[in-house]
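S.K.:
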Amino acid sequence: MTRGALVLLLAGLGLAVPAAAHWLQPEEIVTELNAPAVRDALGVTSARRDDKTPRLLIVRVGPRWYELSTAVRRLQARDWADLWRHNVPEGIVAILDDRSARPVVQFDATGGVASVEERPPGS
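To convert, take the position in the sequence shown, counting from 1, and add 342; that gives the working numbering.
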């Protein structure tokens, strides 16, 4: 999937929201991440807000995620983190492999993407 196609998909799903755009309820973001189109296109297997730490968004990804290029995964992780932080005070995002529950994206201290796993952990 090209970056242009990805941006169009996300814009159509309401997920490519510029930081200066309107505010979204956290539940709206979670619902959109669990939408079939996002699951199919980006490999999201589930997304939820953590019960004990509501500022934490947990996104689990499966095999389709690893089929995307590193650049697309890096861009997507950054966009999810930016969107969550824009709408949830001090929001943080964890992107985990669905099978191993290990992080597949490392964020730096400023919330930027430091690294992205090339393949599922343990494979």
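Glycine residues also receive a C-beta, built at the ideal position from the N, C-alpha and C atoms.
#1: Check the C-beta distance from residue 440 over to residue 404 and give it rounded, since I have them as a contact under 8 Å.
#2: Tell me where the alpha helix (DSSP H) around residue 380 begins and ends.
#3: What are the uninterrupted segments assigned as alpha helix (DSSP H) that are 4 or more residues long and contained completely in the region 380-439, given in chain order?
#4: Could you have a look at residue 445 and say whether DSSP puts it in helix, strand or coil?
#5: Taking the beta carbon of residue 461 as the centre, do at least 16 other beta carbons fall within 10 Å, making it buried, or is it exposed?
#6: Quick check on residue 390: buried or exposed, where buried means 16 or more other Cβ atoms within 10 Å of its Cβ?
#7: Select from 379, 457 and 397 the residue whose C-alpha is nearest the C-alpha of residue 446.
#8: By Cβ distance, which residues of its chain are closer than 6 Å to residue 388, with the 5 residues on each side in sequence left out?
M.R.: The relevant details are as follows:
#1: Residue numbering aside, residue 440 sits at position 98 when the sequence shown is read from its first letter. Residue numbering aside, residue 404 sits at position 62 when the sequence shown is read from its first letter. About 5 Å separates the two Cβ atoms, so the contact holds.
#2: Counting from 1 along the sequence shown, the entry for residue 380 is found at position 38. Start and end: 378-384.
#3: The qualifying runs are 405-409 and 412-429.
#4: Reading the sequence shown from its first residue, position 103 is the one you call residue 445. Collapsing the DSSP output to three states places residue 445 in a strand.
#5: What you label residue 461 is simply residue 119 of the sequence shown in a count that begins at 1. The residue is exposed, with fewer than 16 neighbouring Cβ atoms inside 10 Å.
#6: On the sequence shown, residue 390 is found 48 positions in, with the first residue counted as 1. The residue is exposed, with fewer than 16 neighbouring Cβ atoms inside 10 Å.
#7: As a working note, residue 446 is residue 104 in the sequence shown. Taking only the C-alpha atoms, the option nearest residue 446 is 457.
#8: As a working mapping, residue 388 is identified with position 46 in the sequence shown. Closer than 6 Å at Cβ, skipping near neighbours: 402.
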